[in-house]
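> Respectively, the protein sequence lines represent chains U, P and C.
According to the working numbering, the first sequence holds residues 1 to 647 in order.
According to the working numbering, the second sequence holds residues 1001 to 1647 in order.
According to the working numbering, the third sequence holds residues 2001 to 2647 in order.
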Amino acid sequence: MIVGVDYYPEHWDRQLWEADAELMAKTGVKVVRMAEFAWSRLEPREGEFELDWLDEAVELFAKRGIDVILCTPTSCPPLWFYEKYPDSVRTDAEGKRIAIGIRGHRCIASPDLLRYADRIVNVLTEHFAQNKAVKAWQIDNELEADICFCGVCESGFREYVKNKYGTLDAVNAAYGNNVWSGEYSSWEQIKPPSGSYPHAWLNPAYMLDVKRYASHRVARFIRRQADIIRKNCPGAVITTNTWFCEALPDFYEEFSQLDVVSFDNYPPLNIPDDPEELYSHAFHLDLMRGIKRKNFMIMEQLSGGMGCWSPMSRTTAPGMIKGYSLQAFAHGADAVLHFRWRTAVSGAEMHWHGLIDHSNVPGRRFAEFGQLCITAKELEKLRGTAVKSRAALLYSPESEFAFKIQPQTQGMYYLEQLRLLHRALCSYGLNTDIIEYGEPLDGYDIVAAPTLYVRNVKGEAELDKFVRNGGTLILTNRCGVKDEHNNCIMSPLPSGFTELAGIRVSEYDPLGYSAVTVRMNSKEYRCTRWCDSLQTDTAVSLAEYSGGYFKGSCAVSENVIGKGRVYYIGTVGGREFYSDLTGYILEKAHIPNLGLLPDGIEVTEREGEDIRARFIFNNSKNSAEFCLEGKAFALGPFEMRIKITNE
Amino acid sequence: MIVGVDYYPEHWDRQLWEADAELMAKTGVKVVRMAEFAWSRLEPREGEFELDWLDEAVELFAKRGIDVILCTPTSCPPLWFYEKYPDSVRTDAEGKRIAIGIRGHRCIASPDLLRYADRIVNVLTEHFAQNKAVKAWQIDNELEADICFCGVCESGFREYVKNKYGTLDAVNAAYGNNVWSGEYSSWEQIKPPSGSYPHAWLNPAYMLDVKRYASHRVARFIRRQADIIRKNCPGAVITTNTWFCEALPDFYEEFSQLDVVSFDNYPPLNIPDDPEELYSHAFHLDLMRGIKRKNFMIMEQLSGGMGCWSPMSRTTAPGMIKGYSLQAFAHGADAVLHFRWRTAVSGAEMHWHGLIDHSNVPGRRFAEFGQLCITAKELEKLRGTAVKSRAALLYSPESEFAFKIQPQTQGMYYLEQLRLLHRALCSYGLNTDIIEYGEPLDGYDIVAAPTLYVRNVKGEAELDKFVRNGGTLILTNRCGVKDEHNNCIMSPLPSGFTELAGIRVSEYDPLGYSAVTVRMNSKEYRCTRWCDSLQTDTAVSLAEYSGGYFKGSCAVSENVIGKGRVYYIGTVGGREFYSDLTGYILEKAHIPNLGLLPDGIEVTEREGEDIRARFIFNNSKNSAEFCLEGKAFALGPFEMRIKITNE
Amino acid sequence: MIVGVDYYPEHWDRQLWEADAELMAKTGVKVVRMAEFAWSRLEPREGEFELDWLDEAVELFAKRGIDVILCTPTSCPPLWFYEKYPDSVRTDAEGKRIAIGIRGHRCIASPDLLRYADRIVNVLTEHFAQNKAVKAWQIDNELEADICFCGVCESGFREYVKNKYGTLDAVNAAYGNNVWSGEYSSWEQIKPPSGSYPHAWLNPAYMLDVKRYASHRVARFIRRQADIIRKNCPGAVITTNTWFCEALPDFYEEFSQLDVVSFDNYPPLNIPDDPEELYSHAFHLDLMRGIKRKNFMIMEQLSGGMGCWSPMSRTTAPGMIKGYSLQAFAHGADAVLHFRWRTAVSGAEMHWHGLIDHSNVPGRRFAEFGQLCITAKELEKLRGTAVKSRAALLYSPESEFAFKIQPQTQGMYYLEQLRLLHRALCSYGLNTDIIEYGEPLDGYDIVAAPTLYVRNVKGEAELDKFVRNGGTLILTNRCGVKDEHNNCIMSPLPSGFTELAGIRVSEYDPLGYSAVTVRMNSKEYRCTRWCDSLQTDTAVSLAEYSGGYFKGSCAVSENVIGKGRVYYIGTVGGREFYSDLTGYILEKAHIPNLGLLPDGIEVTEREGEDIRARFIFNNSKNSAEFCLEGKAFALGPFEMRIKITNE
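1. Give the range of the beta strand (DSSP E) segment to which E1647 of chain P is assigned.
2. Can you list the residues of chain P that G2347 of chain C reaches, using a CB-CB cut of under 7 Å?
3. For T2472 of chain C versus R2565 of chain C, is the C-beta spacing smaller than 8 Å?
4. In chain P, which residues lie less than 7 Å from G2305 of chain C when you measure between Cβ atoms?
5. Just how far apart, CA to CA, sit T1027 of chain P and H281 of chain U?
6. In terms of residue numbering, what span does the beta strand (DSSP E) encompassing E602 of chain U cover?
7. Can you tell me whether A1019 of chain P is buried or exposed? The criterion is at least 16 other CB atoms within 10 Å of its CB, across all chains shown.
8. Count the other C-beta atoms from every protein chain shown that fall within 10 angstroms of the C-beta of N2177 of chain C, then say buried if there are 16 or more, exposed otherwise.
9. Kindly list, in the order they appear in chain U, the residues whose Cβ is closer than 9 Å to that of E1277 of chain P.
10. Using a Cβ cut-off of 8 Å (strictly closer), state whether T315 of chain U contacts chain C.
11. Excluding sequence positions up to five away, which residues of its chain have a Cβ less than 6 Å from the Cβ of L394 of chain U?
12. Classify I1374 of chain P as buried or exposed, calling it buried when 16 or more other Cβ atoms lie within 10 Å of its own Cβ.
13. Under 8 Å, do Q2138 of chain C and C2071 of chain C count as touching if we go by C-beta distance?
14. Going by beta-carbon coordinates alone, are V505 of chain U and S533 of chain U separated by less than 8 Å?
15. Do L1285 of chain P and H1331 of chain P have their CB atoms nearer than 8 Å?
16. Report back the beta-carbon spacing between S1346 of chain P and V179 of chain U to the nearest angstrom; my notes put them in contact at under 8 Å.
17. With a threshold of 8 Å, are at least 3 pairs of Cβ atoms found where one atom belongs to the stretch 1397-1414 of chain P and the other to the stretch 1613-1629 of chain P?
18. Does W137 of chain U come out as helix, strand or coil in the three-state DSSP assignment?
19. Checking contacts by CB at 8 Å: is V505 of chain U closer than that to chain C?
20. Could you give the C-beta distance for S1303 of chain P and L1337 of chain P, rounded to a whole number, given that I count them as a contact under 8 Å?
21. Could you spell out the range, first to last residue, of the alpha helix (DSSP H) harbouring P111 of chain U?
22. Ordered along the chain, which non-local residues of its own chain (more than five positions away) have a Cβ less than 6 Å from that of Y1525 of chain P?
23. Since I believe N477 of chain U is in contact with G570 of chain U (beta carbons under 8 Å), could you give me their beta-carbon distance rounded to a whole number of angstroms?
24. Keeping to the same chain, check which residues put their C-beta closer than 6 Å to that of N295 of chain U; ignore five residues upstream and five downstream.
25. Expressed to the nearest angstrom, what Euclidean distance is found between the alpha-carbon atoms of E17 of chain U and P111 of chain U?
26. The beta strand (DSSP E) that contains R340 of chain U, what's its start and end?
27. Are there 16 or more other CB atoms within 10 angstroms of the CB of S1620 of chain P, so buried, or fewer, so exposed?
28. On the three-state DSSP scale, how would you describe D2052 of chain C?
29. Do we get a CB-CB distance below 8 Å when we pair T1409 of chain P with the residues of chain C?
30. If you follow the beta strand (DSSP E) that W1530 of chain P is in, where does it begin and where does it stop?
31. Would DSSP call V627 of chain U helix, strand or coil?
Here is the structure:
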């Protein structure tokens, strides 16, 4: 396992560089990321490039055996660029250019930006092409699938729609524009959703294309830089660092042209007391691993309290620095770079704490980082091992988009529906992949597919094949609601899955924060958010509503079809509801598992050709004592126990 | 009673039309509303009208004995119109044109819009003038008294002010513009309240004229279309569908040129548990009936869960579809059209559920609608009956406007003050009219007039006459505060009512969410929001503050004057406070009533020349068992019992 | 003590003037403020001045022995001015001119505004220069240090920065602009922070200069008018009325050119029940007195319930009118003018209640004001006395700015940190000055200096001298964090105070709304917001964390240095925590005090050459019985007891 840090030589006096490199080497740092915001230092005046300082920094690390990841600095063009090309700034929905002077405000479709970005990327990659210390390139920084409303993006969206549909009639038909006299009669009428109205007022079919376009725009920007880097540095690993922002891109499209997924990993600092609110941050890690269905890396890892545009958060509790990094490793990260070596003393992010405080005196957090480096070294033998899973969870970017466009009911979110089932599967110690809806499902025993809201014909076929060949499938409410245009499907829910699930939804009630009770195996559960009243066709009922309008009707069903089984969950329950049901399902399908683990205990495995490691992590703020396969464990908060077996 | 539906032939494949019409006829649908959003299908290209499809749809219904209401489609001009006349779009307070692509964004004062609206209305009404199936016309859709800030509306407002006052001196005097050096020195300085400041910063006198103008602007738009329709279709009933939006128009002005009031009726889906929060939705129905003081109709009636720009609400509980429609009938609706026949599968409103779900499989809600149709048929003999009331509640649109302009205290709203007394009167089984302040009051025994905030000289005279002739009047705090310009009256409160009420307000305390106790007839009540300390002149005290600054001073007074009695309520109490006081008042005035009804039980009556019907409605989510005039009743949630007597 | 009122002759019929003046004289009013919003009446048309009416009003008061304070009316230019100079209106962050028609929307840097303001100020002051009744001038009204984004202010800010730093390199270095490639490469790139991003996204060093400039801009505007007044009316007292607005200016700079501080004093109307939420409004009075370290005046004093852009508040409880005014006197106000004589009947502020209600019938509040006037007369002998304090609290305007720019943690505010220690010191009956950080500290025994966040070299030297000479100093967390540019200091916290405090901060945890327990002298306290883990060097620990990550480490320290003592409080506690600690500190330093006073009881003293007065105020909504130096007291809510001793 490789441990690294993010470092900003351009922020510090040169005399500190040597001391920093020395301390890193001594502590066990193996890789350093640099330069993602350094454009103004790399090209201080138009066309004048100054790379000496970066050469010097790279050399400083190289000679201590520390590898380097360099970044294209296109997230923050220098102010001279904006002054010359004021139209290259992102435009907000009101039609105003975003204020310059902060960060990330370039329009990534601006021809001027692209021309200058091409040049700096070319210059950088040509310059460092032969430098052996530079192992990888990060493109830009934390790209989001937000929308720009400038003229270029306006016509970009129009072209996107034109290419997709060909004729206005086809667009009008796809969007159902006859509603409210919204039929386009010229291409010029097609624009991104500017103006002050919230988007939910807008046509959901149109809005889904807007979100697809926004994601597509990011992928296109990435591909353009990747092509340049690949040309100049044929052997280098190319990535970009992604995160869970408000405007999520389609991760699968985003990384389709890149070599490896890297993730900015900021697990929670404030751990809630209510176990219902505890979701493992590993959900994000499993999702990242699933993007390319292989190991990934952490480009930025939590190192202390965070603060910037918002008040400071709490600091990292003892154990978090080491434990959260090892958790990432347990879930398939091969390298973890902590953000950041030292806390900035100037700029807007000076309250986003690094490993070393403003004082420049290494303290408790740094000491814990040192221990992480020692453990990482011990894990070297696990290099090349992988997380192999019998369980998978399906993620549908289009359903995520569509859920945001039309909130289903108060408090119901797409990702939360996935987290509920991820928590349930993991609570039995199952390695769980989160993969794209539509991917082949060979090799899995059980697949959870909550809220497959938007139709995916390929995905439906994969699921059908999976079940008929003996797989166990968990479906939920809000499956099969929308066609590929985000219009409602005119047939009984769950439409494409009615035969597979063996049920039809007679009626639904969006509960929001209200609740109903459900009785399953003589036990009562409090359910909220949603309730489907199910009519069983070939399925049998596993649970019934015991209160509310739908009292007595089926809430959870089980259907045997082909060699497999399909479960349909019509409502949204609490932790116990899902874990009890999952226990039943695993038993029915004879899927080996560790039994229900205690709160917060996470068990994962990586395996290689002749080696296997089990990671037992106490992902909680309390100490835990428990037995696992007959063996007693006592783990402090955020403590990781790793057991390596040679086979 | 006539039951109908709202239908959108333009949304559905033509092959569905015939099946729909057939099912409607079979179920008992008697009237269908169409075309309020169909402009882009009626005039797909400028000046090219396509009415064949609508002819066909009308014919389909006509031949099954189903009447048709057609709409002028001016709420949503086609996009080709906006492309040609970008200035015809509404302008927001920031001076920006509202984004096109949603709905209802035309400026209703735009000369271009008016020209094109005139033409489509002319074409439609001329075309259908001779069609006997078309019984009525709805103008536009859910018009709101919001303000546009375009140049046309800016000068429109200026003209309005100029016509009203004549000279700048008169304007300055009326608005009290000498405060803060706000005196107009040229007409050009007079504009609608654009800019980012909240309106409460602005001069309340000026703001009242802004609201009057906004309401006036709607009425003018309606009149223009009504004139065209009346010219082309002399016998047709003309209406517009109104609702309780944020920017309420003056309903009395809105309907002054129309034949009948129609209302979009969406009673609550989530019934609160706390009885203090339960207000009957019948308040709105009684208000609608009072606009023209005759029966009205429901143009859109709740049919399922709602969702669009907001998350989906809960679905209609069993009983609501039928019960709420019958409630409307009990309160004077003669026709109820459910919105909508089938749920849309595309467009922004696809989560606003109709009677039939997306699946196109009629379910529980449709079955309940079928039962409604059967009951409606049984009620045919009540055609022509009316709601006759001995109790009235006064509604002052100007007080509503003025309360919004200057919030009195936290949590105090004009309409809520009316609802408190409406609930109290109805809880004794009294039919209660809600009528405009200023209307003649002949025939009533008791009139409740809460918060007559803005002076109405005619209204004061009517009340004076009413009381002196023997009527019982209930006044409250915040009566007589403002003159007709919305400036404060320089005399002791309740100013114009001091003699009638026989009291003066020594001082007031805006309690907001704080509370005081009031003792009335040896019982303590918790009062909030407001507290007037009363000095009794000719009145006697019925209740005194038993806590707070005003401890011991009068809170509720009773004054005998002429042949009548006047009550003044200085504070705002809970449900029991008003019902106890109302019980006392009814007894004092010998007004026949049913005694205090149980929670949620509503009793109303309609009567004709030789027929009388009593409607007993359990407007609650719980079953109810109770006695009424010695007879036992057991009603399920939202169940209506109707007793018809021939006399 | 002088009692006065604010009066608006221009709002009332001339026939009321005489009656008003007569009633004022009879009641005991000694001074009247006029004309701060009267520009449109003083210069109704450009260049035409009408001062007769004001002459008449002044004369009316003068002949009854009532002094007059006149105002420059520059807060509200007439509409003819705005019509002629539309660019003189303030521009918001979005680049839009603020809507005209309200108040205070002129840009105070606009050359046109300044030209017209100069002229009206000249005309007014020349005219009244010889009028003996006019004793003082108020400049403008309630100036705030907000920012305008017009071209004039944009270049004004640029010039400010240019003058301060000289070169772009110096600016870039001071702001740390190399972060995120934010380096200025031309002066034109320097602008105020326009655009829609919240300011916290922006560079904190840049933002501190923005706030300094905003404050500077106000001071410059004041100075310009002060120069004119001083030239024309050499003997007149010049002031401006300030208040605690959102955009606080640097009060010390604001009043640097003025003769006396005047304050708009609106103490709380709604008194919370939780004693933890009770802070004395005297905090503001002590701060006002400390601005020029001498007595001040109240230009506007609470007279009734308030309402304008927000719902009406509660009215003044019995005792508040008199009690709050005497409280101001007790804390160093020599004159208190009630806002306002009569409540406005028109304009946006008509719900901001004066002493007399809309009805024009003097009531309870006016009667209480009459009693105040009687007491004020009895206090005449205290004229010339001053508040002398052995305790001081330091206020750092730059720390206030910087805390707003970067919120430290949820719920933590700069001023609240000061209030906690103000409350603690006052609860022992100590007169407490609040003075500027950097002022000499001679004469104080104890100085509390919470959260000296931004470095002030002069202030550090003063504190060092103060302590070494025997003073007692209380420091807290967040001292010494930032340098003078608002960048973090690269040395252990509390940086410049480590030697003085004898501790270093090992690590901190921003708790926000979370809590830890602290044990001090065997007692447990609940602390929140912040927690510093302290390493004692020369200090001893007074309290330790008894829970949380830092369990066992020092939370409060005491250091003996030179002849003095320094306390460092690493966390934020509740009322009892501070009062217990303060009791210990006072005892250790042998500082005479009254012992811990009961809740809400405030004791202050004023003294003159041969006279001394003790003010005992029950600043609470409950009656209080207590002993003070062996004497029993019983005080009603807001009752003041004054004991005068001749010495």
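Ideal placement from N, C-alpha and C gives every residue a C-beta, glycine not left out.
According to the structure shown:
1. Residue numbering aside, residue 1647 of chain P sits at position 647 when the second sequence is read from its first letter. From DSSP, E1647 of chain P is part of no beta strand (DSSP E); its letter is neither H nor E.
2. Locating residue 2347 of chain C in the third sequence gives position 347, counting from the first residue. Near G2347 of chain C (Cβ distances below 7 Å), the residues of chain P are G1176, V1179, W1180 and N1203.
3. As a first step, residue 2472 of chain C must be located in the third sequence, where it is residue number 472. As a first step, residue 2565 of chain C must be located in the third sequence, where it is residue number 565. Yes, Cβ-Cβ distance for T2472 of chain C and R2565 of chain C is below 8 Å.
4. For the purposes of this step, residue 2305 of chain C is taken as residue 305 along the third sequence, with counting starting at 1. For G2305 of chain C, the neighbours in chain P by C-beta distance under 7 Å run, in chain order, P1510.
5. For the purposes of this step, residue 1027 of chain P is taken as the residue at position 27 of the second sequence. For the purposes of this step, residue 281 of chain U is taken as the residue at position 281 of the first sequence. Distance between the alpha carbons of T1027 of chain P and H281 of chain U: 54 Å.
6. Translated into the one-based positions of the first sequence, residue 602 of chain U becomes position 602. I601 to E607 is the extent of the beta strand (DSSP E) around E602 of chain U.
7. Within the second sequence, the letter at position 19 stands for residue 1019 of chain P. A1019 of chain P is exposed by the Cβ-count criterion.
8. As a first step, residue 2177 of chain C is located in the third sequence; it is residue number 177 there, counting from the start. Buried.
9. As a working note, residue 1277 of chain P is residue 277 in the second sequence. Going along chain U, no residue has its Cβ under 9 Å from E1277 of chain P, so there is no contact; the nearest lies around 15 Å.
10. Start at 1 with the first residue of the first sequence, and residue 315 of chain U comes out as number 315. True, the Cβ-Cβ gap to chain C drops below 8 Å.
11. In the first sequence, residue 394 of chain U corresponds to position 394, counting from 1. So the list reads Y437 and A449, once near-sequence residues are dropped.
12. As a working note, residue 1374 of chain P is residue 374 in the second sequence. Flag for I1374 of chain P reads exposed.
13. Position 138 of the third sequence, counted from the start, is the residue given in the question as residue 2138 of chain C. Position 71 of the third sequence, counted from the start, is the residue given in the question as residue 2071 of chain C. Result yes, Cβ atoms of Q2138 of chain C and C2071 of chain C sit closer than 8 Å.
14. By 1-based counting over the first sequence, the position of residue 505 of chain U is 505. By 1-based counting over the first sequence, the position of residue 533 of chain U is 533. Going by C-beta atoms, V505 of chain U is nearer than 8 Å to S533 of chain U.
15. Position 285 of the second sequence, counted from the start, is the residue given in the question as residue 1285 of chain P. Position 331 of the second sequence, counted from the start, is the residue given in the question as residue 1331 of chain P. Yes, these two residues count as a Cβ contact at 8 Å.
16. Taking the second sequence and counting its residues from 1, the one referred to as residue 1346 of chain P is at position 346. Taking the first sequence and counting its residues from 1, the one referred to as residue 179 of chain U is at position 179. Rounded, the Cβ-Cβ distance is 6 Å, consistent with contact.
17. When Cβ pairs closer than 8 Å are counted between the two stretches, the stretch 1397-1414 of chain P is seen not to touch the stretch 1613-1629 of chain P, the count staying below three.
18. Residue numbering aside, residue 137 of chain U sits at position 137 when the first sequence is read from its first letter. In this structure, W137 of chain U counts as strand in the three-state DSSP scheme.
19. Sequence index remark: in the first sequence, residue 505 of chain U carries index 505 (1-based). Not one chain C Cβ lies under 8 Å of V505 of chain U.
20. The residue given as residue 1303 of chain P occupies position 303 in the second sequence. The residue given as residue 1337 of chain P occupies position 337 in the second sequence. Not quite, the Cβ-Cβ distance comes to about 10 Å (not below 8 Å), so this is no contact.
21. In the first sequence, residue 111 of chain U corresponds to position 111, counting from 1. Residues P111 to F128.
22. Along the second sequence, read from residue 1 onward, the residue named residue 1525 of chain P stands at position 525. Correct list, in chain order: V1518, G1573 and F1577.
23. As a position in the first sequence, residue 570 of chain U is number 570, starting the count at 1. As a position in the first sequence, residue 477 of chain U is number 477, starting the count at 1. Right, the Cβ-Cβ distance comes to about 5 Å (below 8 Å), so this counts as a contact.
24. One-based indexing of the first sequence puts residue 295 of chain U at position 295. Once the five neighbours on either side are set aside, the close Cβ partners of N295 of chain U are G332 and D334.
25. Stepping through the first sequence from its first residue, residue 17 of chain U is reached at position 17. Stepping through the first sequence from its first residue, residue 111 of chain U is reached at position 111. Note that residue 17 of chain U is Trp in the sequence shown, not Glu. The alpha-carbon atoms of W17 of chain U and P111 of chain U are separated by roughly 37 Å.
26. The sequence position of residue 340 of chain U within the first sequence is 340, counting from 1. Element bounds for R340 of chain U: n/a, residue is neither H nor E.
27. Stepping through the second sequence from its first residue, residue 1620 of chain P is reached at position 620. Buried.
28. Here the question's residue 2052 of chain C lines up with position 52 in the third sequence. It is helical.
29. As a working mapping, residue 1409 of chain P is identified with position 409 in the second sequence. By this cut-off, T1409 of chain P is an interface position.
30. Counting from one through the second sequence, the residue named residue 1530 of chain P turns up at place 530. Unbroken beta strand (DSSP E) run through W1530 of chain P: K1523 to T1536.
31. Within the first sequence, the letter at position 627 stands for residue 627 of chain U. Val is not the amino acid found at residue 627 of chain U; the sequence shown has Cys there. Reduced to three states, the DSSP call for C627 of chain U is strand.
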